[in-house]
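*Asks:* Just passing along the structure, written as structure tokens.
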Amino acid sequence: MTQDGAPTSSSTQCSSGKGGTRRRDVLATVTAGVGCAGACALAYPFLDSLNGTRNSRVGEDDTVDVDLSAIPPGQQTVVTWRGWPVFVQRRTAAMLASLQAPGAAQRLRDPESKILQQPKDATNWHRSVVPEIGVLIGICTHLGCVPSYDTPSPADQSGKYACPCHGSQFDIAGRAYKNAPAPYNLPVPPVTMVSETHLRIGLSKGDPDFDIANIQQI
Numbered sequence: 001m002t003q004d005g006a007p008t009s010s011s012t013q014c015s016s017g018k019g020g021t022r023r024r025d026v027l028a029t030v031t032a033g034v035g036c037a038g039a040c041a042l043a044y045p046f047l048d049s050l051n052g053t054r055n056s057r058v059g060e061d062d063t064v065d066v067d068l069s070a071i072p073p074g075q076q077t078v079v080t081w082r083g084w085p086v087f088v089q090r091r092t093a094a095m096l097a098s099l100q101a102p103g104a105a106q107r108l109r110d111p112e113s114k115i116l117q118q119p120k121d122a123t124n125w126h127r128s129v130v131p132e133i134g135v136l137i138g139i140c141t142h143l144g145c146v147p148s149y150d151t152p153s154p155a156d157q158s159g160k161y162a163c164p165c166h167g168s169q170f171d172i173a174g175r176a177y178k179n180a181p182a183p184y185n186l187p188v189p190p191v192t193m194v195s196e197t198h199l200r201i202g203l204s205k206g207d208p209d210f211d212i213a214n215i216q217q218i
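For reference, each letter of the sequence shown is one residue, going 1 to 218 in UniProt numbering.
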């Protein structure tokens, strides 16, 4: 301090530094709080999807209709049901043959679909109401990522699903391969074939009491 009582430059710098530090602390706290809130907001839908819809049953107002005539052989379309992506495939003869190929079952965790991941009318070798049309909920049973569809090719006409997050793989019927993180087959939703070209997701004619909330994991 000078003789007339004015602060020296060093004390001014010290005061400014302390004030700046306090402001930086406040800004850091606010920024951290906003970041945490944003992360929680983003994480909630993901975690909620893992929990499934445990409080509702399949009903007449919970359906999605799909026009099968628009899906070329060997391809799929993706629709949304209950907030989940649903893969709807049109399978070729080669794709169906791959599901029963010699040695195929030995590579799978649950080849006979003994674990409840599908309605009764999809508990079969093709895991669908009719062999030519496959319907799967596209949520990996490991940590909830969306698997990508590897379409049939001249070298491999079977097709498969591969999870981009941790390497899990599923055959065209959604059956999980061994030696990969996914513990269960992909879920199959309730499905009714209204006609040869019209499919309805959300109701199962062959298993009318099926509740997607009762499956092992989604």
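For glycine and all other residues, C-beta sits at the position ideal for the given N, C-alpha and C.
Note that the structure is a prediction, hence the values are computed from the model and not measured.
(1) Please classify Asp-121 as buried or exposed, where buried requires at least 16 neighbouring CB atoms within 10 angstroms.
(2) Could you pull out every unbroken beta strand (DSSP E) segment of at least 3 residues lying fully inside the UniProt domain "Rieske" (100-200), listed in chain order?
(3) Would you list the residues sitting across from Arg-90 in a DSSP beta bridge?
(4) Please name the residue, chosen from Met-95, Glu-132, Leu-68, that lies closest to Ala-155 on a Cα-to-Cα basis.
(5) Can you list, in chain order, the residues of its chain with a C-beta nearer than 6 Å to that of Ser-69? Leave out the 5 residues immediately preceding and following it.
(6) Looking at C-alpha atoms only, which residue of Ile-218, Asn-214, Gln-216, Pro-190 is the closest neighbour of Gly-206?
(7) Classify Gly-202: buried if its beta carbon has 16 or more other beta carbons within 10 angstroms, exposed otherwise.
(8) Of the choices Trp-84, Ala-105, Gln-75, Gln-216, whose alpha-carbon is the least far from that of Thr-63?
(9) Beta-carbon within less than 8 Å of Arg-57's beta-carbon, same chain only, minus the 5 sequence neighbours each way: which residues are those?
(10) The beta strand (DSSP E) that contains Thr-80, what's its start and end?
(11) Tell me where the beta strand (DSSP E) around Asp-65 begins and ends.
(12) Rounded to a whole number of angstroms, what is the C-alpha to C-alpha distance between Ser-153 and Pro-72?
(13) Rounded to whole angstroms, what is the Cα-Cα separation between Ala-180 and Cys-145?
(14) Determine the burial state of His-166: buried for a count of at least 16 other Cβ atoms within 10 Å of its Cβ, exposed for fewer.
(15) Give me the Cα-Cα distance between Gly-174 and Ala-101, rounded to the nearest whole angstrom.
(16) Around the Cβ of Thr-92, are there at least 16 other Cβ atoms within 10 angstroms (buried) or fewer (exposed)?
(17) Taking the alpha-carbon of Trp-125 as reference, which of Ala-97, Arg-200, Asp-209, Asp-65 has the nearest alpha-carbon?
(18) By the 10 Å Cβ neighbour count, where 16 or more other Cβ atoms means buried, how is Gly-159 classified, buried or exposed?
(19) Pick out whichever of Pro-131, Val-129, Gln-117, Glu-132 has its Cα sitting closest to the Cα of Gly-138.
(20) Taking C-alpha atoms, which residue in Pro-183, Leu-136, Pro-208, Arg-200 lies nearest to Gln-217?
*Replies:* Looking at the atomic coordinates:
(1) buried
(2) 133-137, 148-150, 160-162, 191-195
(3) Ile-133
(4) Met-95
(5) Thr-197
(6) Pro-190
(7) buried
(8) Trp-84
(9) In this predicted model, Arg-57 has a pLDDT of only 46, less than 50, meaning its place in the structure is not dependable enough to derive any value.
(10) 76-81
(11) 64-67
(12) 14 Å
(13) 14 Å
(14) exposed
(15) 16 Å
(16) buried
(17) Ala-97
(18) buried
(19) Gln-117
(20) Pro-183
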